[in-house]
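Trainee:
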Amino acid sequence: MQERYEPAAVEADAQRFWNDQRCFEAKEDAAREKYYCLSMFPYPSGRLHMGHVRNYTIGDVLSRFMRMNGRNVLQPMGWDAFGLPAENAAMANGVPPAKWTFDNIAYMKAQLKSLGFALDWSRELTTCRPEYYRWNQWLFLRMLEKGIAYQKTGVVNWDPVDKTVLANEQVIDGRGWRTGAPVEKREIPMYYLKITAYAEDLLDALSQMQGWPERVRAMQANWIGKSVGVRLGFPYRIEGLGEGVLHAFTTRADTLMGVTFCAVAAEHPLAAHAARHNEKLAAFIEECKRGPAIESELATQEKKGMPTGLTVRHPISGVALPVWVGNYVLMSYGDGAVMGVPAHDERDFEFAKKYHLPIKPVIDVPGREYSLHAWAPWYAGHGRCINSGTYDGLEFQAAIEAIAADLQRLNLGEKQTTWRLRDWGISRQRYWGCPIPVIHCAACGTVPVPDEQLPVVLPVDLVPDGSGNPLLKDEAFLAVSCPRCGAKARRETDTMDTFVDSSWYFLRFACPDNDKAMLDARVRYWAPVDQYIGGIEHAILHLLYSRFWTRVVQELGAVEFKEPFANLFTQGMVLNEVFFRKPDTGRVEYFNPADVEVTLDPTAQRRIAVLRSDGLEVESGGVVTMSKSKNNGVDPQALVDEFGADTARLFTMFAAPPEQTLEWSDEGVQGAFRFIKRLWKAVHDHVAPGACVPLDKSILNDEHRAIRRQAHQTLSKITDDIGRRRTFNTAIAAAMELLNALAKFPQRSPQDRSVIQEALEIAVLGLSPIIPHVTHALWRALGHQRALIDEPWMTVDLAALQTSEIAMVVQVNGKLRAHISVAVGADEDTVRAAALADPNVQKFIAAAPVRKVIIVPGKLVNIVV
RNA sequence: GCCCUCGUGGCGGAAUCGGUAGACGCAACGGACUUAAAAUCCGUUGGGCGAAAGCCCAUCCCGGUUCGAGUCCGGGCGAGGGCACCA
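Heads up: the first sequence runs through residues 227 to 1091, numbered per this note's numbering.
1) Which ranges does the alpha helix (DSSP H) cover as unbroken runs of at least 4 residues, wholly within the region 725-804, from first to last along the chain?
2) Nearest CA to the CA of HIS1045: which residue from ALA792, GLU1054 and ASP1064?
3) Less than 7 angstroms between the beta carbons of ILE996 and LEU941, yes or no?
4) Any contact of the region 1025-1035 with the region 305-324, i.e. 3+ C-beta pairs under 8 angstroms?
5) On the DSSP bridge assignment, give the partners of GLN642 in chain order.
6) Under DSSP, the beta strand (DSSP E) around GLN983 begins and ends at which residues?
7) Have a look at PHE806 and VAL850 and give me their C-alpha separation to the nearest angstrom.
8) For GLN896, does the count of other Cβ atoms within 10 angstroms reach 16, so buried, or fall short, so exposed?
9) Go ahead and label TYR424 buried or exposed: buried means 16 or more other beta carbons lie within 10 angstroms of its beta carbon, across all protein chains shown.
10) By a C-beta neighbour count over all protein chains shown, 10 Å radius and 16 as the cutoff for buried, is MET227 buried or exposed?
11) Which one of SER994, ASN245 and HIS912 has the shortest CA to CA distance from GLN973?
12) Please give the ranges of any beta strand (DSSP E) in the region 889-943, keeping only runs that are unbroken, at least 3 residues long and fully inside the region.
13) Taking the C-alpha atoms as reference points, what is the distance between ILE520 and ARG401?
14) When you compare the CB positions of ASN818 and MET852, do they come within less than 7 angstroms of one another, or not?
15) Using the C-alpha atoms, what's the distance from LEU467 back to LYS452?
16) Cβ of ILE1032 within 7 angstroms of Cβ of VAL1057?
17) Give me, in chain order, the residues of the same chain whose beta-carbon lies closer than 6 angstroms to that of ARG951; leave out the 5 immediate sequence neighbours on both sides.
18) Report yes if the CB atom of ALA713 is closer than 7 angstroms to the CB atom of ASP756, and no otherwise.
19) In three-state terms, what does DSSP make of HIS599?
20) Who are the Cβ neighbours of VAL391 in its own chain at under 7 angstroms, not counting the five residues just before and after it?
21) My output table needs one value for GLY380: the three-state DSSP class, helix, strand or coil.
22) Do VAL236 and the ligand HEM come close, with the Cβ less than 6 angstroms from some heavy atom?
23) Below 7 angstroms between beta carbons: does that hold for PHE487 and TRP550?
24) Note the first and the last residue of the continuous beta strand (DSSP E) segment covering PRO415.
25) Going by DSSP, what residue range makes up the alpha helix (DSSP H) through TRP244?
26) Per DSSP, GLY468 is paired with what?
27) LEU986 and VAL909 look like a contact to me (Cβ under 8 angstroms); what is the Cβ gap, rounded to whole Å?
28) Compare the Cα-Cα distances from GLN434 to each of THR719, GLU789, ASP1016 and GLU929 and report the closest residue.
29) Three-state secondary structure (DSSP) at GLY949?
30) Within the same chain, show all residues whose beta-carbon is closer than 8 angstroms to that of SER980, passing over the 5 residues directly before and after it, in chain order.
31) Measure the alpha-carbon distance for LEU598 versus PRO584 and round it to whole angstroms.
32) Taking Cβ to Cβ, would you say ARG734 is nearer than 7 angstroms to LEU351?
33) Is it a yes or a no for the region 857-874 touching the region 270-279, going by three-plus beta-carbon pairs under 8 angstroms?
34) Kindly give me the distance between the Cβ atoms of GLY692 and ASP388, rounded to whole angstroms, as I take these residues to be in contact under 8 angstroms.
35) Cα separation between ILE612 and ARG478?
36) Where are the alpha helix (DSSP H) runs, 4 residues long or more, that stay fully inside the region 577-631, in chain order?
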């Protein structure tokens, strides 16, 4: 074994071994318990970032640990390869998105390999390849058949100069990001998936999902947003419309008798009707539709409204109620109309005050007095009905039941559940995505592409130029004959939202080579995913869509479960300090921390940050999430090149628990590297004199027993920390402690060396899921023929943990006063006597009689005086 | 505004079920080796008092429960995140 630790050689050697042995190619084996460990697949943006390294290292540690613990592990990898950045890059460089994407994949795949992840590359999948996305199309057609997919008009952001649709993030302050032109709202036909039909099930199942973080479940529940209430009907007779009913949803039907007006959204049909001969109203409606671009402004903007001049009748009392247009009413929620109860709804109160509408209190809370002058939070609380005719005296739930029953009889209302969740619009007017498999025929209308014509292949040589979807100009793609009548027809050019691609890739990893079916029997062996790992930023959309998609697949009979991810782990973000200069003129300039030298001023105790290139000071903006915009990212490649993959892995696992944020630290990386070098040297120094004799447990002295005890305690802790607690940082700390103890232990006798051998084996094997390359080499150096990756996880020698004496602490009134050592299994009287006999304890109990002695066996004695 | 999470040394963090607060690492300081530097190794390091033994204070603040609270409960302050006119 060579004395010097050289990561490049060690890592190349280990990776070659794993590759040659095909260690990580997973095979179905009904006799073995499987473990499907999946990290969220990356978008091939160009290079890996530290977030990827962290994510994939967590998955790799678990995969390797489970493998050594006898599980049949599948850890696959793929590419979420459709998406907007490829089109942007194409426009910037004049290269087709496909080429840019595949080049990036090649580079990032090499990076992933250099990090030594135990991935089954034989199952690699890429969502922009027809072999994959044809099954998007196939399942979409099944959804069409079942009515889960349907068409309706949707609103998009339209750039009138580029004549193209913009994604929300491409709209900056209401203007197109490239042209600066004011963005228009356009209504176009789009495909939607009926995720709302699954809302109840998606919500209910959350409470059973013990393997998911509470936080994520709460976020999903919040997003689904269930509201139980009553859908009311306000009948009307309006000139030009005739008789009709204005529908509005409420969760507070108990306040129905307090309604003094109705308000509708600007997009509501009644508003449009009233505006036909009312220019001021028409102008107001236009103003509302444009609205502020930013959601937070939308929520805080002043409440504005305008009367329509129309009236509707109260469903119970028959009183005429004015209909207003209100800028705070959302067309997309409920029926786009609300009943105005100013007395008990803060928004309605503000609105009524502004426009001098009547306020009629109908809820009484004992001990409270209603004042029409100012809003008070209790107005919105539950209470007893007053001023409500026959409902007077009823409590919240009873009032709702009574009112709902009466409305039902009048055919003017029913109990209803409303959801915040909307159906999922999947149409994108984009080139670089999965084509939606439909054909437009002048005679037959919209015709689904027949299954045997799948896949609808996306041409890969087009270059978008900013002037809309290039598919619109590609005759070879567009021209098609109608599958129904054979006439000339036109292919749909919209593509699918990329969230479709990622909604089922985890199932396809079980059978990526099947060209006859989307899924096959192998899915039943591997799925569901046992452990899914990814960023918290996907807590809602990706994870919710995947749950929805899995339910659809289940209904088709391809899988037997509804929940795709049994356990979810959300890793924390990677942070770094941000450095900048703010010139008097112009915008803030950010400098990468790699180009900044931070020193400690010895006198002032102040940190000074200086840009290396010009030697002048830069300001620090604190520690924030690594991002391109703040230029505070660290290139993992530079780290791997300088210190090796093991150091990169060790640092990211050691600096913080995996669920928390991770602060980047150059010194911390040095520390991780230093530890690996120490481990290397410890093994080197140990094996240098040659092989050692087998351990004879019958002739151990006290020092031997102490080392063995610590070694096996360490093994026990690492096993628990990785396997159960998922606190890899404390597992590493325990291994470090063991190595520190070994450094102090002299190697003289053959028996000394045998004890050290065992402890080093525990350290090396225990750390192998985290730093697999160096431990692969060290395991060989320790004399093993079998590769470490094929070794079973070691078992704790319970006998080694046993001691004859045990240390206990003695407290007096809860304050630590002494340490004592007692025989294991000593009875309480003996322990009490030993505690009371301690001279320091004596000092503190002399003044008063002992009232009580609490003994926690094996831990402590507390003497109360 | 509502919901969630979190506040521990100079810093990242540990303390797993209410039982020794500060493991491990970083930084800093002292020392060894070296012509020197780097690397490496040894030691010290929450604050105060003390020669030492040891004592007092200390986990954002105030209060409570308990023999015992970083951990549980109530109230406040601060930070981060999610939702945000959802009727």
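Each residue gets a CB set at the ideal place from its N, CA and C atoms; glycine is no exception.
Mentor: The relevant details are as follows:
1) 731-734, 747-752 and 767-781
2) ASP1064
3) Result no, Cβ atoms of ILE996 and LEU941 do not sit closer than 7 angstroms.
4) no
5) GLY455
6) Premise fails: GLN983 lies in the alpha helix (DSSP H), 976-993, not in any beta strand (DSSP E).
7) 13 angstroms
8) exposed
9) buried
10) The residue in question, MET227, is exposed, as its Cβ has fewer than 16 Cβ neighbours within 10 Å.
11) HIS912
12) none
13) Only weak support exists for where ILE520 lies, its pLDDT of 43 falling under 50; the value from the coordinates is given anyway. Going by the C-alpha atoms only, they are around 12 angstroms apart.
14) no
15) 33 angstroms
16) no
17) Nothing listed; no residue qualifies.
18) ALA713 is not a Cβ neighbour of ASP756, given a cutoff of 7 angstroms.
19) If DSSP states are grouped into helix, strand and coil, HIS599 belongs with coil.
20) VAL382, ASN383, TRP384 and GLN655
21) strand
22) Summarising the ligand content, the structure contains no ligands, and the ligand HEM is consequently not present.
23) By the CB criterion at 7 angstroms, PHE487 and TRP550 fall inside the cutoff.
24) Segment 410-419, the beta strand (DSSP E) holding PRO415.
25) 233-246
26) DSSP lists ILE464 as partners of GLY468.
27) About 6 angstroms; that satisfies the 8 angstroms criterion.
28) GLU789
29) helix
30) So the list reads CYS918, VAL919, PRO920, LEU921 and ASP922, once near-sequence residues are dropped.
31) 10 angstroms
32) yes
33) yes
34) 5 angstroms
35) 14 angstroms
36) As far as the region 577-631 is concerned, it has no whole alpha helix (DSSP H) run of at least 4 residues.
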